[in-house]
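**Student:** So the sequence lines, in the order shown, correspond to chains A, B, C and D. 188 is the number that the numbering used here gives to position 188 of the first sequence; each next residue is one higher, with no gaps. Heads up: take any position in the second sequence, counting from 1, add 304, and you land on the numbering used here. Heads up: take any position in the third sequence, counting from 1, add 608, and you land on the numbering used here. Heads up: take any position in the fourth sequence, counting from 1, add 912, and you land on the numbering used here. Each residue gets a CB set at the ideal place from its N, CA and C atoms; glycine is no exception. Pasting in a structure now, in structure tokens, and then I'll have a few things to ask.
There are 4 protein chains.
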Amino acid sequence: MEYKPIIEQVFHNISNEKPTGMVADYIPELANISPEKFGIYLFGLDGNNCEAGDSQEKFSIQSIVKVLSLTMAFDIVGEKIWERVDVEPSGTSFNSLVQLEYEKGIPRNPLINAGALVICDILISELEDPENQFLGYVQGLSGTTRINYNPQMAASEKKHAFRNAALVNLMKSFGNIHNDTNRVLDFYFTICSMEMTCEELARAFSFFANRGVNYFSGNRIISSSKSKRISAIMQTCGFYDEAGEFSFRVGLPGKSGVGGGIAAVYPGHYSVAVWSPLLNEKGNSVRGMKALEMLTTLSEASVF
Amino acid sequence: MEYKPIIEQVFHNISNEKPTGMVADYIPELANISPEKFGIYLFGLDGNNCEAGDSQEKFSIQSIVKVLSLTMAFDIVGEKIWERVDVEPSGTSFNSLVQLEYEKGIPRNPLINAGALVICDILISELEDPENQFLGYVQGLSGTTRINYNPQMAASEKKHAFRNAALVNLMKSFGNIHNDTNRVLDFYFTICSMEMTCEELARAFSFFANRGVNYFSGNRIISSSKSKRISAIMQTCGFYDEAGEFSFRVGLPGKSGVGGGIAAVYPGHYSVAVWSPLLNEKGNSVRGMKALEMLTTLSEASVF
Amino acid sequence: MEYKPIIEQVFHNISNEKPTGMVADYIPELANISPEKFGIYLFGLDGNNCEAGDSQEKFSIQSIVKVLSLTMAFDIVGEKIWERVDVEPSGTSFNSLVQLEYEKGIPRNPLINAGALVICDILISELEDPENQFLGYVQGLSGTTRINYNPQMAASEKKHAFRNAALVNLMKSFGNIHNDTNRVLDFYFTICSMEMTCEELARAFSFFANRGVNYFSGNRIISSSKSKRISAIMQTCGFYDEAGEFSFRVGLPGKSGVGGGIAAVYPGHYSVAVWSPLLNEKGNSVRGMKALEMLTTLSEASVF
Amino acid sequence: MEYKPIIEQVFHNISNEKPTGMVADYIPELANISPEKFGIYLFGLDGNNCEAGDSQEKFSIQSIVKVLSLTMAFDIVGEKIWERVDVEPSGTSFNSLVQLEYEKGIPRNPLINAGALVICDILISELEDPENQFLGYVQGLSGTTRINYNPQMAASEKKHAFRNAALVNLMKSFGNIHNDTNRVLDFYFTICSMEMTCEELARAFSFFANRGVNYFSGNRIISSSKSKRISAIMQTCGFYDEAGEFSFRVGLPGKSGVGGGIAAVYPGHYSVAVWSPLLNEKGNSVRGMKALEMLTTLSEASVF
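Listed below in structure tokens is the structure:
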């Protein structure tokens, strides 16, 4: 299928609308991003890629990284990962403590903050040099070494980390955090500070479209079955308490970040990344969701 | 793809395992079903159908019917249906009142009991003869007139309806039920008492696989976009607080019923119905979930 | 102690303030009461009674009756009453379903709606003619036969009873209602429709001040220990999610009703009833709470 | 009234019963206390004191201290203290995070952990040398300088402080903690490590019985009205999710600690302290509650 004209139309239509939403403003590094930014990159398994707007500009991928840390941890520890985190949609906000308390410190899924912190704890236990090994892993996924963390972003997040500190301490009280709580928070904020362009992000998610195989190296990243499972988790849990809405409107597995990025996958066909910093009240990119809805509507192709 | 050998292998393997789980026992009509029953029917859009076991025996489809009543109501009232019911996974049990109270009488989605009761209320308002018109609608979907309600089942459910009565009264107190509460409960239990064989059920769901078009008549049931949306709701909400687990293991949109049936859809390819009355503690068919997981694993084909 | 000048001062000061709050408006019988009404009656065990304002006018005592139905049921069935209702403050609104669901149909205490419905269910099981026997019981407590129900009020409440219907059905689903749900609701609304003057209400509560003995007949109503226990429940649970506030400001066990009445008790000294229909957002009489706070502040006498 | 024979009977009866319950075991300092310990001390305003058992042995007063830190903070900052903490019973466990999240970081009352942490934060802001000034304050209340902290206990608690760290971080995220979270935790654990004998504890609470005036020095500690208010909070909130039960059985305002102590007050008459380390599943001393229930039953005197 020819996605180029569709991407162009999507970009054109949405660029012409007056943008709505709010930039994340709890740290200066996010608050100072221009709200006008808007980029798309679609990476087709058939070799046809297309892009529009600010698709070559770096942005903070934030929570999108949680899918990749989950992939690495799932690959390392296998099925026993599910003893420490569930796979159910939370039905609540991304940083809620309520369910965590009722459910004795086992997070609902690995894509809410609590679950991502458990995944960080696992990687710290399993890796010798977690920060560098994880960075190398993501560079490998996207076939480029130009990806890096933003230490200033990480430091700034750390200063406002009280709610995440509450989560990690609560889980520690239930025995579901094995390392020092500050060590876990540090690693968490470091990986969330990763910066990519739309192209790099679409490339990093392309192995899901390719059912677990790295398109660039030809190496298998994870089994086809595990790729399916992580995609299923994205579909049901990738957008916090708006997961149903995204699934309903877009019909693709995906993950959003508070920096305004969204990565999504059409298994067997393509991966796609969108970036626009203006967020709705649920913390998801307004233009990003619209762009992906328009993409699956115009192409008449989604997983459903 | 040739599904016949796969279906046969699935049936063979699972039949040979000692079955686990419990038959639903809150009414005699369900408690008296033989726990040994086990049937599968796969309806392929390419004309290749295959079946195994008790696939031609009638069973009570129960909550599976909620997908079809949603389809009819969505078709009649259009997008404004979402003012009265949301599309988010609930993260809680199928008959919980908690979220309903916090969220002012708006059910999380149309596939939990509360949401299905709102859909019933809508159909009562919109149809002149709701019971007969809905029955005719489902008969049309599956291309057979041999489908009917079981009035004894409906009457028996009604006698144990206290929790559903609580739900409908709570929503009425918030103004989200427009008809008499007993009328709504009657209609709800009547449609849940519908009986089908695996073949009939697979046929009734085949228009989702066919993106909204009736395979038998060639008529469009709902738009492609609405078909995608209802499938998305099945994917995120079809299995109550086990929706993530089903999505994770099976990777198809589907819906279960307390009678032990499950209907699922692989858009563009097939619909499938499984029936085995033994339920896990979440109320979903143990063998049914296993059979569908094995089907997507052996065929290496799911929506992800 | 001489309470007459204090009551007069309380009445004078509060009458001169501009009243705030809202009259309960969910049924016409309550909405049509004049918001200006304001009465107090203090019944002293030393024989010195005093009153001010509209203290001889009938009003709907509503939830205040729950203390008296509890007393009758506790007397009849004894300690085993606590198998069906707890004695803990709820921390939530008077008609919440949330805790009831988490706690498997056992209401937090007998003074929230759910608990009062269980008490009604018990009285229906234990009495031959519940309505008349309970009315006679309350007439006996206050030493007058001029007390009666208001059938029009009861009928009007019944029409808006959806949330109470939800509560009673939810408890029935857990097995904690033994009689027909409509029978329980009927009895509940009948007793809540009871009308009294401030004098009659203060007299009806005087046996708590007198540690279980009827001041008028000299008969023991309940044991001293049971009187203490019911007073303790009033103290911790009598004002829904404002119980702490009332205890904090007033320092007496008491119970409010949505009709604007409050009955309170100073054990060993007096009972007191206040009536003013203007309610705060928690559903408690604004002037009633102020009057009682001023009474215990000016007299420098509370249970603490 | 002559309490000596009653205290002796209470001690005799309960000593002869086989003790039930569990010693708090989350830190070695508490786990190693002999479960046989049992002491009572009643401090009468009429000068008649009486005691039994291990009433002169030091124990860790733990949460009982929260009443005294509240008193000091209430005295210093006055009514504006209630902008940062409410006075309602929580209806939940002592260290729950659920309500705190729903209620935006404002704890339900100052006697649950979250509320006590806010009080600590206030004292840190208001005092130059919080640890020493608070110790001096308590020494003054009980008229003895033999009271001190146990630094080893404080250090040990700090090591298992994950849930309290979650609470304080969650409140900090809502802006309701003004000092460094570790500083607040340090002060909290220090004051909770205070050790007293039953006699010292009964003396420390005697100003509540004396309506705000220090019995030993004759100085007013707090106004009569504030004394009433703090007593009211003890009555409704002093025993976590068992506050209703304690009020119901004992009928006095009181506060328990996980070290097995309970302090209670009969305003105008006496203060009393009991100590027995065996706790029920709610964390309150089994023998302590029994002793106080027997005391108010035998003396036929409670606040109700």
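1. Mapping the DSSP letters down to three states, classify residue 559 of chain B as helix, strand or coil.
2. Quick one: is residue 320 of chain B buried, meaning 16 or more other Cβ sit within 10 Å of its Cβ, or exposed?
3. Helix, strand or coil: how does DSSP classify residue 880 of chain C here?
4. Residue 181 of chain A: buried (16+ other C-beta within 10 angstroms of its C-beta) or exposed?
5. Can you check DSSP and say which residues form a bridge with residue 454 of chain B?
6. Residue range of the beta strand (DSSP E) that residue 52 of chain A falls in?
7. What residues in the stretch 439-471 of chain B have a beta carbon less than 7 Å from any beta carbon of chain C?
8. Three Cβ pairs or more, each shorter than 8 Å: is that satisfied between the stretch 951-958 of chain D and the stretch 1131-1151 of chain D?
9. Would you mind stating whether residue 1133 of chain D and residue 1119 of chain D have Cβ atoms separated by less than 8 Å?
10. Select from the stretch 5-35 of chain A all residues with a C-beta closer than 8 Å to any C-beta belonging to chain D, and list them in chain order.
11. Measuring from the CB of residue 1030 of chain D, is there a heavy atom of the ligand NAP at a distance below 7 Å?
12. Consider the Cβ of residue 811 of chain C: report whether some Cβ of chain D lies at a distance smaller than 8 Å.
13. Would you call the stretch 262-274 of chain A and the stretch 584-597 of chain B in contact, with 3 or more CB pairs under 8 Å?
14. Answer yes or no: does any C-beta atom of chain C fall closer than 8 Å to that of residue 1153 of chain D?
15. Is the CB of residue 375 of chain B under 8 Å away from at least one CB in chain A?
16. Taking the C-alpha atoms as reference points, what is the distance between residue 676 of chain C and residue 1008 of chain D?
17. Roughly how many whole angstroms lie between the Cα atoms of residue 863 of chain C and residue 978 of chain D?
18. Is the beta carbon of residue 561 of chain B less than 8 Å from the beta carbon of residue 331 of chain B?
19. From the DSSP output, in three-state form, read off residue 1125 of chain D for me.
20. Report yes or no: do three or more beta-carbon pairs, one from the stretch 477-491 of chain B and one from the stretch 416-425 of chain B, lie closer than 8 Å?
21. When the Cα of residue 1138 of chain D is compared with those of D:996, D:1125 and D:932, which residue comes out closest?
22. For the stretch 1206-1214 of chain D against the stretch 922-936 of chain D, do three or more pairs of beta-carbon atoms, one drawn from each stretch, fall closer than 8 Å, so that the two count as touching?
23. For residue 777 of chain C and residue 493 of chain B, I'd like the C-alpha separation in whole angstroms.
24. In whole angstroms, what is the alpha-carbon distance linking residue 131 of chain A and residue 122 of chain A?
25. What separation, rounded to the nearest whole angstrom, lies between the Cα atoms of residue 775 of chain C and residue 581 of chain B?
26. Compute the distance between the beta-carbons of residue 603 of chain B and residue 502 of chain B, then report whether it is under 8 Å.
27. At 7 Å on the CB atoms, spell out the chain A contacts of residue 1084 of chain D, in chain order.
28. Can you pull out the residues from the stretch 664-675 of chain C whose beta carbon lies closer than 9 Å to at least one beta carbon of chain B?
29. Spatial neighbours of residue 334 of chain B within its chain, please: C-beta separation below 6 Å, excluding the five flanking residues on both sides.
30. Tell me whether residue 460 of chain B sits in a helix, a strand or coil according to DSSP, three-state version.
31. Taking CB distances under 8 Å as the criterion, tell me whether residue 389 of chain B reaches chain C.
32. Counting only beta-carbon separations shorter than 8 Å, does residue 251 of chain A have a partner in chain B?
33. For residue 1116 of chain D, which residues does DSSP report across the bridge?
34. Leaving out five residues on either side along the sequence, give the residues of the same chain with a beta carbon under 6 Å from the beta carbon of residue 892 of chain C.
35. So that I know if they touch, is there some Cβ in chain A lying closer than 8 Å to that of residue 607 of chain B?
36. In chain C, which residues lie with their C-beta within 7 Å of the C-beta of residue 401 of chain B?
**Tutor:** For this structure:
1. strand
2. Exposed, since its Cβ has fewer than 16 Cβ neighbours within 10 Å.
3. Residue 880 of chain C: strand per DSSP, three-state reduction.
4. buried
5. Residue 454 of chain B is not bridged to any residue.
6. 49-53
7. 466, 467, 469 and 470
8. no
9. Residue 1133 of chain D is a Cβ neighbour of residue 1119 of chain D, given a cutoff of 8 Å.
10. Those residues of the stretch 5-35 of chain A that come within reach of chain D (Cβ to Cβ, closer than 8 Å) do not exist; the list is empty.
11. As presented, the structure is devoid of all ligands, the ligand NAP included, so that no description of it is given.
12. no
13. no
14. yes
15. no
16. 34 Å
17. 29 Å
18. no
19. strand
20. yes
21. D:1125
22. yes
23. Rounded to the nearest whole angstrom, the CA to CA distance from residue 777 of chain C to residue 493 of chain B is 17 Å.
24. 13 Å
25. 32 Å
26. no
27. 162
28. none
29. 328
30. helix
31. no
32. yes
33. Among the bridge pairs identified by DSSP, residue 1116 of chain D is matched with none.
34. 847, 850 and 864
35. yes
36. 705, 709 and 778
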